[in-house]
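Engineer: Dropping the structure in here first, questions after.
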Amino acid sequence: MQNEPVAIWHEKENVGGRIERVLAVVLRTRGCFWAKKAGCLMCGYRNDTSDDVTDEHVLAQVERALAEYNEEEFVKIYTSGSFLDTNEIGAETQKKIIQMFGQRCEHVLVETRAEFAHRALELKSLVQNLEIALGLESANNIVLEKCVRKGIRVENYLDAARHLRTHGIRVRLYLLLKPPFLTEQEAMNDTLTSIIQVADFCDTISINPVNVQRGTYVEHMFIHEEYRPPWFWSLFEVIKSAKSQGISVPVISHPSGSGKSRGIHNCKKCDDKCINALRDYNLSQNVEPLQVDCKCRDVWLAQLQLENALRYSPHIANI
Numbered sequence: 176m177q178n179e180p181v182a183i184w185h186e187k188e189n190v191g192g193r194i195e196r197v198l199a200v201v202l203r204t205r206g207c208f209w210a211k212k213a214g215c216l217m218c219g220y221r222n223d224t225s226d227d228v229t230d231e232h233v234l235a236q237v238e239r240a241l242a243e244y245n246e247e248e249f250v251k252i253y254t255s256g257s258f259l260d261t262n263e264i265g266a267e268t269q270k271k272i273i274q275m276f277g278q279r280c281e282h283v284l285v286e287t288r289a290e291f292a293h294r295a296l297e298l299k300s301l302v303q304n305l306e307i308a309l310g311l312e313s314a315n316n317i318v319l320e321k322c323v324r325k326g327i328r329v330e331n332y333l334d335a336a337r338h339l340r341t342h343g344i345r346v347r348l349y350l351l352l353k354p355p356f357l358t359e360q361e362a363m364n365d366t367l368t369s370i371i372q373v374a375d376f377c378d379t380i381s382i383n384p385v386n387v388q389r390g391t392y393v394e395h396m397f398i399h400e401e402y403r404p405p406w407f408w409s410l411f412e413v414i415k416s417a418k419s420q421g422i423s424v425p426v427i428s429h430p431s432g433s434g435k436s437r438g439i440h441n442c443k444k445c446d447d448k449c450i451n452a453l454r455d456y457n458l459s460q461n462v463e464p465l466q467v468d469c470k471c472r473d474v475w476l477a478q479l480q481l482e483n484a485l486r487y488s489p490h491i492a493n494i
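So, in structure tokens, the structure goes:
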């Protein structure tokens with residue numbers, strides 16, 4: 176099991192107006208140090224980690240991923256923590272991995288918490304274009320502390336992003352749509368405000384709608400009908416509003432669990448239509464595909480009004 180990556184898949188992404196073919200791999204590692212210390216309230220990725228994983232196991236997983244490589248221009252390397260944390264993947268192993276892919280493709284992305292972002296400078300020369308993805312989640316420190324439990328402040332992430340870009344390294348910032356304890360409207364407002372505040376610090380913004388993962392506090396709320404994942408309508412509204420306000424950096428979203436009760440969803444009748452619309456938008460960066468219509472939009476609007484009146488998020492059954 177330690178020799179096998181968690182997942183490998185192929186996708187496409189619009190990079191600077193060019194559609195690039197992508198190989199994505201999730202490596203099984205020893206896991207996120209913060210998850211072991213306290214953990215983010217929505218994150219269950221520790222379920223895909225093992226304390227027994229060695230650097231040799233990780234390199235074997237990379238070899239397995241290379242067997243699936245088909246001359247893609249872009250490779251995304253995910254872990255269930257921070258690729259640049261040397262307690263998760265050793266420094267020399269990090270270099271070997273970037274070098275292995277850098278010899279084959281022109282663009283490699285890895286994820287990390289801001290604490291380890293400075294280590295990217297040691298990897299920059301090993302690939303033509305290195306991109307670092309930072310899980311900012313929100314540009315509001317209160318949301319980070321109370322709703323995400325991120326264990327780090329916005330300023331740390333923006334300082335890391337600024338430092339990376341100064342050295343010619345691309346930056347992708349992840350924003351979380353609807354962490355716990357926010358109403359649907361508050362979540363939309365937080366994500367839109369965050370986009371506006373961080374757009375100048377990055378090359379791409381990726382919106383991650385919360386999906387309910389095993390063993391998390393969010394799952395506890397979900398089971399007790401205290402939490403509903405965001406609507407597609409909310410995501411579409413945030414994207415359209417950002418574009419209408421002149422945000423020029425690409426704003427993308429590749430949600431996990433789309434159309435399922437634990438992931439972003441509308442009603443069962445329009446979920447597939449929304450998934451396809453989002454895919455088309457991601458590749459074109461044109462909001463026209465997001466002009467989807469369904470009767471459940473009225474339910475969503477009613478929920479926004481009800482939440483505003485009650486000042487909390489009521490459970491709406493069967494939606």
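For the sequence shown, the positions run 176 to 494 when the working numbering is used. Idealized CB from N, CA, C, for every residue including glycine. These numbers come from a predicted model, not from an experiment.
Go to residue 379, then tell me how far its beta strand (DSSP E) extends in each direction, as first and last residue.
Structural biologist: Stepping through the sequence shown from its first residue, residue 379 is reached at position 204. Taken as a continuous stretch (DSSP letters only), the beta strand (DSSP E) holding residue 379 covers 379 to 384.
Engineer: Between the Cα of residue 188 and those of 431, 455, 468, 475, spot the shortest distance and give me the residue it belongs to.
Structural biologist: Counting from 1 along the sequence shown, the entry for residue 188 is found at position 13. Of the candidates 431, 455, 468, 475, the one whose C-alpha sits nearest the C-alpha of residue 188 is 455.
Engineer: Would you mind working out which of 176, 386, 224, 239 sits nearest residue 200, comparing C-alpha positions?
Structural biologist: As a first step, residue 200 must be located in the sequence shown, where it is residue number 25. Out of 176, 386, 224, 239, 239 has the C-alpha closest to the C-alpha of residue 200.
Engineer: What residue range is occupied by the uninterrupted beta strand (DSSP E) comprising residue 184?
Structural biologist: Locating residue 184 in the sequence shown gives position 9, counting from the first residue. Start and end: 182 to 190.
Engineer: Who are the Cβ neighbours of residue 285 in its own chain at under 6 Å, not counting the five residues just before and after it?
Structural biologist: Working through the sequence shown from its first residue, we reach residue 285 at position 110. Hits under 6 Å: 252, 258.
Engineer: In three-state DSSP terms, what is residue 306?
Structural biologist: What you label residue 306 is simply residue 131 of the sequence shown in a count that begins at 1. Residue 306 falls in the strand class under three-state DSSP.
Engineer: I need the boundaries of the beta strand (DSSP E) containing residue 254, first residue and last residue.
Structural biologist: Here residue 254 corresponds to residue number 79 of the sequence shown, with the count starting at 1. Residue 254 -> beta strand (DSSP E) spans 249 to 254.
Engineer: Would you kindly work out how many angstroms separate the C-alpha atoms of residue 425 and residue 348, rounded to a whole number?
Structural biologist: Mapped onto the sequence shown, residue 425 falls at position 250. Mapped onto the sequence shown, residue 348 falls at position 173. Rounded to the nearest angstrom, the two C-alpha atoms are 11 Å apart.
Engineer: How would you label residue 192, buried or exposed, when you count the other beta carbons within 10 angstroms and need 16 or more for buried?
Structural biologist: Mapped onto the sequence shown, residue 192 falls at position 17. Exposed is the call here.
Engineer: Pull up the CB-CB distance for residue 449 and residue 457, whole angstroms please, since I reckon it's below 8 Å.
Structural biologist: Along the sequence shown, one-based indexing puts residue 449 at 274. Along the sequence shown, one-based indexing puts residue 457 at 282. No, residue 449 and residue 457 are not in contact; Cβ-Cβ is about 13 Å, not under 8 Å.
Engineer: Mind reading off the beta-carbon distance from residue 256 to residue 207? Whole number of angstroms is fine, and I expect it under 8 Å.
Structural biologist: As a working note, residue 256 is residue 81 in the sequence shown. As a working note, residue 207 is residue 32 in the sequence shown. That pair is a contact at about 3 Å.
Engineer: Can you tell me whether residue 349 is helix, strand or coil according to DSSP?
Structural biologist: Along the sequence shown, one-based indexing puts residue 349 at 174. Note: residue 349 maps to strand in three-state DSSP.
Engineer: Taking a contact to mean a Cβ-Cβ separation below 8 Å, would you say residue 291 touches residue 260 in this structure?
Structural biologist: On the sequence shown, residue 291 is found 116 positions in, with the first residue counted as 1. On the sequence shown, residue 260 is found 85 positions in, with the first residue counted as 1. Yes. Within cutoff.
Engineer: If you follow the alpha helix (DSSP H) that residue 273 is in, where does it begin and where does it stop?
Structural biologist: The count along the sequence shown starts at 1 and reaches residue 273 at position 98. That run of the alpha helix (DSSP H) goes 266 to 277.
Engineer: Beta carbon of residue 352, beta carbon of residue 410: below 8 Å?
Structural biologist: Numbered from 1 along the sequence shown, position 177 holds the residue referred to as residue 352. Numbered from 1 along the sequence shown, position 235 holds the residue referred to as residue 410. Yes, they are a contact pair.
Engineer: Measuring straight from C-alpha to C-alpha, what distance separates residue 404 and residue 394?
Structural biologist: Counting from 1 along the sequence shown, the entry for residue 404 is found at position 229. Counting from 1 along the sequence shown, the entry for residue 394 is found at position 219. Residue 404 and residue 394: Cα-Cα distance of roughly 10 Å.
Engineer: I'd like to check one pair, residue 365 with residue 315: are the Cβ atoms closer than 8 Å?
Structural biologist: Here residue 315 corresponds to residue number 140 of the sequence shown, with the count starting at 1. Here residue 365 corresponds to residue number 190 of the sequence shown, with the count starting at 1. It is a contact, given that the beta carbons lie within the stated cut-off.
Engineer: Among all the DSSP beta bridges, which residues are the ones paired with residue 197?
Structural biologist: Start at 1 with the first residue of the sequence shown, and residue 197 comes out as number 22. For residue 197, which the question treats as bridged, DSSP gives the partners 186, 249.
Engineer: Do the stretch 266 to 280 and the stretch 212 to 227 make contact, defined as three or more Cβ pairs closer than 8 Å?
Structural biologist: No contact exists between the stretch 266 to 280 and the stretch 212 to 227.
Engineer: By the three-class DSSP mapping on this structure, what secondary structure does residue 224 have?
Structural biologist: Here residue 224 is taken as the residue at index 49 of the sequence shown, counted from 1. If DSSP states are grouped into helix, strand and coil, residue 224 belongs with coil.
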